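> Structure in C-alpha cells, see below.
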Amino acid sequence: MSGPLLEVEGLWKTYHAHPVLRGVDLKVDAHEVVCLIGASGSGKSTLLRCVNLLEEVDDGAITLDGDEITAPGADPDEVRKRIGMVFQSYNLFPHMSVLDNITLAPVRVHRRGRREAEERARELLERFGLADKAAEYPDRLSGGQQQRVAIIRAMACDPSLLLLDEVTSALDPELVTEVMGIIRELKDQGMTMILATHEMGFARDIADTVCFLSDGVLLERGPAEQIFTEPREPRTREFLRRVLASRRL
Amino acid sequence: MTATPDTWVKSERQLARERARRRAGIRNGSLAAASTIVFLAVVVGGVLASPGWPSVQDKFFDWGEFKGAFPDVLDGFWMNVRIFLIAEPVILVLGLLVALARGLRNPLFFPLRALAVLYTDVFRGIPTILLVFMIGFGLPALRLQGLPTDPAVLGGGALVLSYGAYVAEVFRAGIESIHPSQRSAARSLGLSQAQALRFVVLPQAVRRVVPPLLNDFASLQKDTALVGTLGVVEALRQAQIHSAEDFNYTPYLAAAVLFIALTVPMARFTDHLAARAERRRAPGGK
Ligand SMILES: Nc1ncnc2c1ncn2[C@@H]1O[C@H](COP(=O)(O)OP(=O)(O)OP(=O)(O)O)[C@@H](O)[C@H]1O
Ligand SMILES: [Mg+2]
Numbered sequence: 001m002s003g004p005l006l007e008v009e010g011l012w013k014t015y016h017a018h019p020v021l022r023g024v025d026l027k028v029d030a031h032e033v034v035c036l037i038g039a040s041g042s043g044k045s046t047l048l049r050c051v052n053l054l055e056e057v058d059d060g061a062i063t064l065d066g067d068e069i070t071a072p073g074a075d076p077d078e079v080r081k082r083i084g085m086v087f088q089s090y091n092l093f094p095h096m097s098v099l100d101n102i103t104l105a106p107v108r109v110h111r112r113g114r115r116e117a118e119e120r121a122r123e124l125l126e127r128f129g130l131a132d133k134a135a136e137y138p139d140r141l142s143g144g145q146q147q148r149v150a151i152i153r154a155m156a157c158d159p160s161l162l163l164l165d166e167v168t169s170a171l172d173p174e175l176v177t178e179v180m181g182i183i184r185e186l187k188d189q190g191m192t193m194i195l196a197t198h199e200m201g202f203a204r205d206i207a208d209t210v211c212f213l214s215d216g217v218l219l220e221r222g223p224a225e226q227i228f229t230e231p232r233e234p235r236t237r238e239f240l241r242r243v244l245a246s247r248r249l
Numbered sequence: 001m002t003a004t005p006d007t008w009v010k011s012e013r014q015l016a017r018e019r020a021r022r023r024a025g026i027r028n029g030s031l032a033a034a035s036t037i038v039f040l041a042v043v044v045g046g047v048l049a050s051p052g053w054p055s056v057q058d059k060f061f062d063w064g065e066f067k068g069a070f071p072d073v074l075d076g077f078w079m080n081v082r083i084f085l086i087a088e089p090v091i092l093v094l095g096l097l098v099a100l101a102r103g104l105r106n107p108l109f110f111p112l113r114a115l116a117v118l119y120t121d122v123f124r125g126i127p128t129i130l131l132v133f134m135i136g137f138g139l140p141a142l143r144l145q146g147l148p149t150d151p152a153v154l155g156g157g158a159l160v161l162s163y164g165a166y167v168a169e170v171f172r173a174g175i176e177s178i179h180p181s182q183r184s185a186a187r188s189l190g191l192s193q194a195q196a197l198r199f200v201v202l203p204q205a206v207r208r209v210v211p212p213l214l215n216d217f218a219s220l221q222k223d224t225a226l227v228g229t230l231g232v233v234e235a236l237r238q239a240q241i242h243s244a245e246d247f248n249y250t251p252y253l254a255a256a257v258l259f260i261a262l263t264v265p266m267a268r269f270t271d272h273l274a275a276r277a278e279r280r281r282a283p284g285g286k
C-alpha cells in the first residue's frame, strides 16, 4: 500500500467571507470507512462537496490516489468519475426509470455499451433486493428504495471512493435499516467510504475511524470505539453526551 | 378486524352513504342544468328584445352573407394555418437556442449571452403589430439583394422574432425551475456541464413548460391575422374584402368562427396536459 487513497490538507472553505471549513486535515486509506460526526452546520456536507469538487476550495489541497485534484489544471469531470456521491435527498432523476438512472453515467461518461451497462445495473438491483423495480419511476418508490437506487447509481460507475451525506436522515426509522444494510454490504466488499451521519449507533457500528467536526475544525479523530467510549476533547464529549441524551441510544 | 379483503361485503352504513352520494349527484346536475337554462334565456331574451337587435342581426348575422363569404374566408384561413405551421417550429428552435445562450457561463461566449439578453429585451418590448410593419414595409425599402420580398414571409418572420423572445423566456424559466440538486447529482456522476443540461435539466424543463408554450401558440394562431396588414390575403383580409362589398360585417363572423375552431381544441389540450402534470405531481412527488 502506497500512501492514503485520499488526503485532505489544510482545507479552507468560506461562504461570503464566513469560514465554514478552517484548515481541515483528513487521511483516508483504501478500504477504510470514515464517519464524520458533528453538530448541524459544522461543515460535514461542505467537506464532502469539496472532496467531490462540487465546491471550489479556498485554500489547501486534496489528493486522490497520489494526484492533486485541486491543482489548477485538474479536470473536475475526470475526478468525479472516480468518486461516487450520494445525497440526503436522493436526487434521483425523476424523468428516468430506475434502470436509466443507473445506466446514464456508465453509458454517457464511461462509454460502456448499453447492453453491458444494463446487465450490470440489473445485477446490482438484484443484489440489493430491487430487481423488480428496474422499470419503475423514482416517484413510485419509497424513500428507502429511492436511496438504495441512489447508492446503486453511484456504485455503477465503480468509484474508488464513495461519499455519503446523511443518506438516512430523510427516511422513516423502519426504512433506515434497509439503507444501512446496503452500506454495510459495501463495507464488507472493501469499499472506501466517507459518511456524514447523525446516526451515532450506525457510525459506531460501521466506522473504522470517526472524525468529529466542530465549527469547521476537525477537532478529534480516532477509532470508532475510542471516540464513543473515551473521547479526548471536552467538546466531543459534550456533543456525544447531548446527542445520546436526546436520542436515548 | 372482521372481514378479510376477499370476503368484504359492503356494510349497510356504506350502502346508505353511496345512496346519499348518488342523490346529491342528481340534485347537483339538475341545479346546474336549470341555472344554465335560466341564464341563457335571460341573456338571449335581453339581446333579442333590445331595440337595435333587428339592425345588428342584419349587419352581423346574415346567413346569406355568411354562406357567400365563407369559402373565400376559408381559403384565406389556409394562409393563416400555413404561416402558423411554419412559424411554430422555427420559434421553438429560436427560443430554445436563445434560452441556452443566456445560460452560457464560459467567458468566451459572453457576446452570445449579451446578444441573447438584448434580443429578448428588445423584441418583447415592441408591439407585435409594429414589428410586422417595420419588417414588412421597412425591410423591402432597404432594397438589399437576397432579402425576401414576399409579404407573407416577412410577416411570418416578424411573428417569429416576436414570439421567439417570449418562448425563450418560457424556456429559461423552465430551466431555472429545475432544482440545483439535480445538476449536482448529474455532475457528481461525472457528467459534464453540457451533458447535465442535455440529459438531466432540459428534459425536465421542457416537460414543465409545455402548457405555457401551448398557451403562447394559441395566441400566435390569432396573431397570424396581423400579416394581413401587409396585404397578404388571409382570413381576416378576405373577410374585410367581402365586408366592404356589401357593407355587412357577417364575413368577420365567419373568420372568427374559423379562428375559434382552431384555438379551442388547443386550449382544451393544454388544460388536459396541465391536469395530467398535476396528477403526476400529486402522490408523493418531489
Ligand atoms: N451554498 C452556501 N452558501 C452559503 N453558506 C453555506 C452554503 N452551504 C453551506 N453553508 C453554510 O456552511 C455551514 C456548514 O454547512 P454544512 O451543510 O456543511 O453543515 P453540515 O455539518 O452538513 O450540517 P447538517 O448536519 O445540518 O447537514 C453552515 O453554516 C451553512 O449555513
Ligand atoms: Mg449536511
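Protein sequence lines, in the order shown, are assigned to chains A and B. Mapping to the UniProt record's numbering: the first sequence position 40 is 40, numbers consecutive. Mapping to the UniProt record's numbering: the second sequence position 167 is 167, numbers consecutive. Note that CB positions come from ideal geometry on N, CA and C, so glycine has one too. If you're wondering where the values come from, they're calculated on a predicted model, not measured in any experiment.
#1: Can Leu186(A) and Met180(A) be called in contact, C-beta distance under 8 Å?
#2: Hey, is Leu249(A)'s beta-carbon within less than 8 Å of any beta-carbon in chain B?
#3: Please report whether the beta-carbon of Met85(A) lies at a distance below 8 Å from any beta-carbon of chain B.
#4: Can you give me the C-alpha to C-alpha distance between Ile126(B) and Asp223(B), rounded to a whole angstrom?
#5: Please confirm whether any heavy atom of ligand 2 lies closer than 7 Å to the CB of Lys187(A).
#6: If you measure from the CB of residue 313(B), is any heavy atom of ligand 2 nearer than 7 Å?
#7: Please confirm whether any heavy atom of ligand 2 lies closer than 7 Å to the CB of Ala39(A).
#8: Would you mind stating whether Asp58(A) and Lys13(A) have Cβ atoms separated by less than 8 Å?
#9: Are the beta-carbon atoms of residue 290(B) and Arg102(B) separated by less than 8 Å?
#10: Which chain B residues sit within Cβ distance under 8 Å of Asp65(A)?
#11: Say whether chain E places a C-beta atom closer than 8 Å to the C-beta of Leu104(A).
#12: Out of Ala105(A), His110(A), Leu99(A), Arg115(A), which has the shortest C-alpha to C-alpha gap to Arg148(A)?
#13: Are the beta-carbon atoms of Ala218(B) and Val73(B) separated by less than 8 Å?
#14: I'd like to know whether the C-beta of Gly174(B) is nearer than 8 Å to at least one C-beta of chain A.
#15: Quick one: measure Cβ to Cβ for Val86(A) and Leu164(A), integer angstroms, because I've assumed they're closer than 8 Å.
#16: What does the Cβ neighbour count give for Lys67(B), buried or exposed, with the cut at 16 atoms within 10 Å?
#17: Mapping DSSP to helix, strand and coil, what is Glu136(A)?
#18: Counting along the chain, where does the alpha helix (DSSP H) carrying Met180(A) start and finish?
#19: I'd like the span of the beta strand (DSSP E) that includes Phe212(A), first residue to last.
#20: Answer yes or no: the CB of Ala196(A) versus the heavy atoms of ligand 1, is any distance below 7 Å?
#21: Which runs of the alpha helix (DSSP H), 4 residues or longer, sit entirely within the region 83–133 of chain A?
#22: What did DSSP end up calling Ile62(A) once you bin it into helix, strand or coil?
#23: So for Ala196(A), helix, strand or coil by DSSP?
#24: By the three-class DSSP mapping on this structure, what secondary structure does Arg235(A) have?
#25: Since I believe Val160(B) is in contact with Ala87(B) (beta carbons under 8 Å), could you give me their beta-carbon distance rounded to a whole number of angstroms?
#26: Could you give the DSSP three-state label for Ile37(A): helix, strand or coil?
#27: Count the C-beta pairs between the region 167–180 of chain A and the region 132–150 of chain A that are closer than 8 Å, then say yes if the count reaches three, no if not.
#28: Between Ala168(B), Val232(B), Tyr163(B), Leu202(B), which has its C-alpha nearest Pro180(B)'s C-alpha?
#29: Would you tell me roughly how many angstroms separate the C-alpha atoms of His31(A) and Leu11(A), rounded to the nearest one?
#30: Taking only beta-carbon atoms, is Leu189(B) less than 8 Å away from chain A?
#31: Could you tell me whether the Cβ of Phe199(B) comes closer than 8 Å to any Cβ of chain A?
#32: How big is the Cα-Cα spacing for Arg204(A) and Ile69(A)?
#33: Select from Ala131(A), Pro173(A), Leu26(A) the residue whose C-alpha is nearest the C-alpha of Gly143(A).
#34: Excluding five sequence neighbours on each side, which residues of the same chain lie with their C-beta closer than 6 Å to the C-beta of Leu100(B)?
#35: Do you know how far the Cα of Ile152(A) is from the Cα of Lys133(A)?
#36: Is it the case that the region 225–235 of chain B contacts the region 70–85 of chain B, given that we only count it when at least three CB pairs across the two stretches are under 8 Å?
Checking against the coordinates, here is how it stands:
#1: Locating residue 186(A) in the first sequence gives position 186, where the first residue counts as 1. Locating residue 180(A) in the first sequence gives position 180, where the first residue counts as 1. It is not a contact, given that the beta carbons lie outside the stated cut-off.
#2: On the first sequence, residue 249(A) is found 249 positions in, with the first residue counted as 1. Low confidence applies here, because Leu249(A) scores a pLDDT of 49, under 50, leaving its location unreliable; read the following figure in that light. By this cut-off, Leu249(A) is not an interface position.
#3: Along the first sequence, read from residue 1 onward, the residue named residue 85(A) stands at position 85. True, the Cβ-Cβ gap to chain B drops below 8 Å.
#4: Counting from one through the second sequence, the residue named residue 126(B) turns up at place 126. Counting from one through the second sequence, the residue named residue 223(B) turns up at place 223. Straight-line Cα distance between these residues: approximately 14 Å.
#5: One-based indexing of the first sequence puts residue 187(A) at position 187. Outside the cutoff, so no.
#6: Residue 313(B) is absent from the structure shown; chain B starts at 1 and stops at 286.
#7: Counting from one through the first sequence, the residue named residue 39(A) turns up at place 39. It does not: the Cβ of Ala39(A) is nowhere closer than 7 Å to a heavy atom of ligand 2.
#8: The sequence position of residue 58(A) within the first sequence is 58, counting from 1. The sequence position of residue 13(A) within the first sequence is 13, counting from 1. Yes, these two residues count as a Cβ contact at 8 Å.
#9: In the structure displayed, chain B extends from 1 to 286; residue 290(B) sits before or after that span and is not available.
#10: Reading the first sequence from its first residue, position 65 is the one you call residue 65(A). Here the premise fails: no neighbours, minimum Cβ distance about 16 Å.
#11: The question asks about chain E, but that chain is absent: this structure's protein chains are A and B.
#12: Here residue 148(A) corresponds to residue number 148 of the first sequence, with the count starting at 1. The shortest C-alpha separation from Arg148(A) is found at Leu99(A).
#13: Counting from one through the second sequence, the residue named residue 218(B) turns up at place 218. Counting from one through the second sequence, the residue named residue 73(B) turns up at place 73. Not in contact: Ala218(B) and Val73(B) (Cβ atoms no closer than 8 Å).
#14: What you label residue 174(B) is simply residue 174 of the second sequence in a count that begins at 1. For Gly174(B), the answer is no, since every Cβ of chain A falls outside 8 Å of its Cβ.
#15: Start at 1 with the first residue of the first sequence, and residue 86(A) comes out as number 86. Start at 1 with the first residue of the first sequence, and residue 164(A) comes out as number 164. At roughly 5 Å, the Cβ-Cβ gap stays under 8 Å, so Val86(A) and Leu164(A) are in contact.
#16: Locating residue 67(B) in the second sequence gives position 67, where the first residue counts as 1. Lys67(B) should be labelled exposed.
#17: In the first sequence, residue 136(A) corresponds to position 136, counting from 1. It is coil, neither helix nor strand.
#18: If you number the first sequence from 1, residue 180(A) lands on position 180. Here the alpha helix (DSSP H) through Met180(A) covers 173–188.
#19: Here residue 212(A) refers to the residue found at position 212 of the first sequence. Residues 209–214.
#20: Sequence index remark: in the first sequence, residue 196(A) carries index 196 (1-based). Result yes, Cβ under 7 Å from ligand 1.
#21: 98–108, 114–127
#22: Position 62 of the first sequence holds residue 62(A). It is a strand residue.
#23: What you label residue 196(A) is simply residue 196 of the first sequence in a count that begins at 1. Three-state result, Ala196(A): strand.
#24: Within the first sequence, numbered from 1, the residue matching residue 235(A) stands at position 235. In the structure shown, the three-state DSSP call for Arg235(A) is helix.
#25: Position 87 of the second sequence, counting from 1, holds the residue named residue 87(B). Position 160 of the second sequence, counting from 1, holds the residue named residue 160(B). Confirmed, about 5 Å.
#26: Locating residue 37(A) in the first sequence gives position 37, where the first residue counts as 1. Reduced to three states, the DSSP call for Ile37(A) is strand.
#27: yes
#28: As a working note, residue 180(B) is residue 180 in the second sequence. It is Leu202(B).
#29: Along the first sequence, read from residue 1 onward, the residue named residue 31(A) stands at position 31. Along the first sequence, read from residue 1 onward, the residue named residue 11(A) stands at position 11. Going by the C-alpha atoms only, they are around 23 Å apart.
#30: Within the second sequence, numbered from 1, the residue matching residue 189(B) stands at position 189. Closer than 8 Å to some Cβ of chain A, the Cβ of Leu189(B) qualifies, so yes.
#31: Counting from one through the second sequence, the residue named residue 199(B) turns up at place 199. Output row for Phe199(B): interface = yes.
#32: As a first step, residue 204(A) is located in the first sequence; it is residue number 204 there, counting from the start. As a first step, residue 69(A) is located in the first sequence; it is residue number 69 there, counting from the start. If I take the Cα positions, the gap works out to 30 Å.
#33: Sequence index remark: in the first sequence, residue 143(A) carries index 143 (1-based). The residue with the shortest Cα to Cα distance from Gly143(A) is Pro173(A).
#34: As a first step, residue 100(B) is located in the second sequence; it is residue number 100 there, counting from the start. Correct list: empty, nothing qualifies.
#35: Here residue 133(A) refers to the residue found at position 133 of the first sequence. Here residue 152(A) refers to the residue found at position 152 of the first sequence. Their Cα atoms are separated by approximately 13 Å.
#36: As far as the Cβ criterion goes, the region 70–85 of chain B touches the region 225–235 of chain B, which means the pair count is three or higher.
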